[in-house]
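Peer 1:
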Amino acid sequence: MNILFVTSEAYPLIKTGGLADVSGALPKAVQALPQFSGSIRVLIPGYNAVFSKLQNAREVARLIVFGQHCNLVLGKMPDSDLEVIAIQNTFLYERNGGPYNDSLGHDWLDNPLRFAVLSRIASILAGTNSPLPDWKPDLVHCNDWQTGLAPAYMKLVDHSPAKSILSIHNIAFQGNFHPGWLHTLALPVNSFQINGLEYYGQISFLKAGVFYADKLSTVSPTYAKEIQTEAYGFGMQGLLKSRADDLVGILNGIDSNEWNPEKDTHLRKHYSSVKLDGKKTIKANLQKHLGLHVDADAPILGVVSRLTHQKGLDLLPGIMPELVKAGCQFAILGSGEKPLESAFNDMAQRFPSQVSMTNGYHEHLSHNIMAGADMFIMPSRFEPCGLNQLYGLAYGTPPIVTRTGGLADSVCDTNESSLKHHTATGFVLENVSELSLLVTIQRALSVWKDKPTWKNIQINGMKQDLSWGTRAVSYLALYNNTLGQHSEKLAQLMLV
Ligand code: ADP
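With the first letter of the sequence shown counted as 1, position 193 gets the number 192 in numbering that gives the first Met the number 0; the numbers rise by one all the way through.
#1: Cα separation between valine 495 and proline 11?
#2: Can you tell me whether DSSP reads isoleucine 123 as helix, strand or coil?
#3: With DSSP collapsed to three states, give me the class of alanine 9.
#4: Buried or exposed: threonine 183, going by 16 or more other Cβ atoms within 10 Å of its Cβ?
#5: In terms of DSSP beta bridges, what is glycine 74 paired with?
#6: State buried or exposed for glycine 104, treating a residue as buried only when at least 16 other CB atoms are found within 10 Å of its CB.
#7: Can you tell me where the beta strand (DSSP E) with histidine 140 in it begins and where it stops?
#8: Considering only heavy atoms of ligand 1, does any lie closer than 7 angstroms to the CB of valine 400?
#9: Whether or not the stretch 403–417 and the stretch 474–483 are in contact is what I'm after, with contact meaning three or more pairs of Cβ atoms, one per stretch, closer than 8 angstroms; do they touch?
#10: Once you ignore the five residues that flank phenylalanine 4 on each side, which residues in its own chain have a CB closer than 8 angstroms to its CB?
#11: Do you know whose CA, among Ala295, Val323, Phe176, Ala325, lies nearest alanine 372's CA?
#12: Taking its Cβ as the centre, do 16 or more other Cβ atoms sit within 10 Å of glutamate 362, making it buried, or is it exposed?
#13: Determine the contact status of alanine 423 and methionine 374, defining contact as a CB-CB distance below 8 angstroms.
#14: Helix, strand or coil, according to DSSP, for phenylalanine 35 in the structure here?
#15: Should alanine 393 be flagged as near chain D, meaning a C-beta pair shorter than 8 angstroms?
#16: Does the Cβ-Cβ distance between threonine 357 and glutamate 336 come in under 8 angstroms?
#17: With distances taken from CA atoms, which of Phe343, Pro378, Trp453 is nearest threonine 396?
#18: Return the Cβ separation of phenylalanine 176 and glutamine 201 in integer angstroms, given the expectation that the two are a contact with Cβ distance under 8 angstroms.
#19: Rounded to whole angstroms, what's the CA-CA distance from proline 378 to proline 98? Just pull it up for me.
#20: Any idea if leucine 577 is buried or exposed, counting beta-carbon neighbours within 10 angstroms, 16 or more meaning buried?
#21: Where in the stretch 43–71 do unbroken runs of the alpha helix (DSSP H), each at least 4 residues long, occur, reported from the N-terminal end onward?
#22: Tell me whether valine 303 counts as near ligand 1, meaning its Cβ is closer than 7 angstroms to at least one heavy atom of that ligand.
#23: Going by DSSP in three states, glycine 290 sits in which element: helix, strand or coil?
#24: Which residues in the same chain as methionine 0 place their Cβ atom closer than 6 angstroms to its Cβ, once the five residues preceding and following it in sequence are excluded?
#25: Kindly give me the distance between the Cβ atoms of alanine 171 and glutamine 388, rounded to whole angstroms, as I take these residues to be in contact under 8 angstroms.
#26: Rounded to whole angstroms, how far is the Cβ of leucine 53 from the Cβ of alanine 85, which I believe are closer than 8 angstroms?
#27: Which whole-angstrom value describes the C-beta separation of leucine 239 and glycine 232, a residue pair presumed to lie in contact below a C-beta threshold of 8 angstroms?
#28: Any heavy atom of ligand 1 closer than 7 angstroms to the Cβ of tyrosine 222?
#29: Is leucine 502 near ligand 1, judged by its Cβ being under 7 angstroms from some heavy atom?
#30: Compare the Cα-Cα distances from serine 219 to each of Pro398, Asn284, Leu386, Gly45 and report the closest residue.
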């Protein structure tokens, strides 16, 4: 079984969010399964960051797509055997800025072309005229809107014998563009209709994938159900409902080489569920580093996040003064919506010894907040899976979350019954509101004062198997199912 895993970001080559974490870890985990006989290659645009990190890179093919001369460069992920094909095109991908937007945060205007090229090359590699005849995928695993046109090209243009899967990591991002792109992107005119890739008068890359892929997956069982409803489907609920039998939700795992308090290279001390002491030292170092008052008895509430409406962090500034008064400290890391950045900056200025706000993207600090904080705040309005709450569980930093998507599937609220059954791992809000967030944090603070109970909650989370190993087994079953190699109903693969 050869699998082409198509993605617009993969850690450690390039990362803006959870998609990169999944793309860096899942293919490796499938490849490592003893029951997997085949090979996986990751296909990714050749951004500058990708070429600066790709190992043993060599050009293996050249092709012209939509008038763009592209070189395919085969290499390996750093410190891994996983093979990567990077698409080299200076004009499209080698720019200063992010994968999707310029340094001011504006989307690149030619994103439709940039990601149609990615999708079309995936389809060509799976077609009968592939420039890599020695390695042909049986299955193309697409991820998010950036790769959504690949199943359409495979079915409509290249008539590929391979099968396709689209994984939805966040349905809010759909890649909807002006229909004028239809011609440039060589999409058949008759595909621009409701039974095709048309979406409210636009071309939708995501809808193309949802419509044309053989199977669909998303990143948690709850989100798989939620996206079939009006409240969470962002307009795609009807189509997803009609494809419910082809849709599965598999909760993401975490890369236990990267996110593991026993060996995390970003931490100066290590700890585990049987020996938690190191966490105290990391907390003190974090307080020192962030200019917070060094005090073991002050609970640190951590935030590492994109600062957007989705993440619900706009509920936090209004209740911070009360929590500061109660002795809490805040370690906040993130960037995004300017008013929210300003609100947190204001709090940091008002309460310098208790609130720290770091603007930007810092891998090293994110690990230290995850380890040094006492609790992790994640009140998302919707959350396909969410990785930070999983990191919080693994690091003995119980998450405080809303009951949605992957948060609902991974965090078990602390109450009498869950404490008794050793299943309590965090705190779940009743609803998405300032009041509910305040009440839930206060509830967590009162349990935090009861050290033995708190330790039990930490240990419950740390002991869970959050690794990709078991998730990879579900993906392999999904791959087999898509290839018709066994006929289990997809619903049986749902995994929490
Ligand atoms: P999303 O993909 O919606 O942003 P996830 O929780 O699935 O949310 O994944 C976010 C990933 O990005 C995590 O690995 C998180 O640690 C990381 N991250 C988010 N913001 C920052 C930041 N400012 N600095 C460092 N890492 C960040």
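All residues carry an ideal CB built from backbone N, CA and C; glycine is no exception.
Peer 2: Working from what's here:
#1: In this predicted model, valine 495 has a pLDDT of only 48, less than 50, meaning its place in the structure is not dependable enough to derive any value.
#2: Helix.
#3: Under the three-state reduction of DSSP, alanine 9 is assigned to strand.
#4: Threonine 183 counts as exposed, since fewer than 16 other beta carbons sit within 10 angstroms of its beta carbon.
#5: According to DSSP, glycine 74 bridges with Val83.
#6: Classification of glycine 104: exposed, given that the 10 Å Cβ count is below 16.
#7: Annotation: the continuous beta strand (DSSP E) that includes histidine 140 extends over 138–142.
#8: Here the distance from the Cβ of valine 400 to the nearest heavy atom of ligand 1 is not below 7 angstroms.
#9: Cβ pair count under 8 angstroms is below three, so no.
#10: Cβ neighbours of phenylalanine 4 within its own chain (closer than 8 angstroms, five residues either side excluded): Ser22, Leu25, Pro26, Ile39, Arg40, Val41, Leu42, His140, Asn142.
#11: Minimum Cα distance to alanine 372 is reached at Ala295.
#12: Result: exposed.
#13: No, they are not a contact pair.
#14: Under the three-state reduction of DSSP output, phenylalanine 35 falls in the coil class, being neither helix nor strand.
#15: In summary, chain D is missing from the structure at hand, where a single protein chain is found.
#16: Their beta carbons are not under 8 angstroms apart, which means threonine 357 does not touch glutamate 336 by this criterion.
#17: It is Trp453.
#18: In this structure phenylalanine 176 touches glutamine 201 by the C-beta definition: roughly 6 angstroms separates them, less than 8 angstroms.
#19: If you draw a straight line from the Cα of proline 378 to the Cα of proline 98, it is about 27 angstroms long.
#20: No answer is possible for residue 577: the residues shown for the chain start at 0 and end at 495.
#21: List check, alpha helix (DSSP H) in window: 47–52.
#22: Yes, ligand 1 has a heavy atom inside 7 angstroms of this Cβ.
#23: Coil.
#24: Correct list, in chain order: Gly37, Asp137.
#25: Not confirmed; about 18 angstroms, so no contact.
#26: With 8 angstroms as the limit, leucine 53 and alanine 85 qualify as a contact, their Cβ atoms being about 6 angstroms apart.
#27: About 6 angstroms; that satisfies the 8 angstroms criterion.
#28: No, the Cβ of tyrosine 222 stays beyond 7 angstroms of every heavy atom of ligand 1.
#29: A query on residue 502 cannot be resolved here, the shown segment of the chain reaching from 0 to 495 and no further.
#30: Proximity to serine 219 across Pro398, Asn284, Leu386, Gly45 peaks at Leu386, based on C-alpha coordinates.
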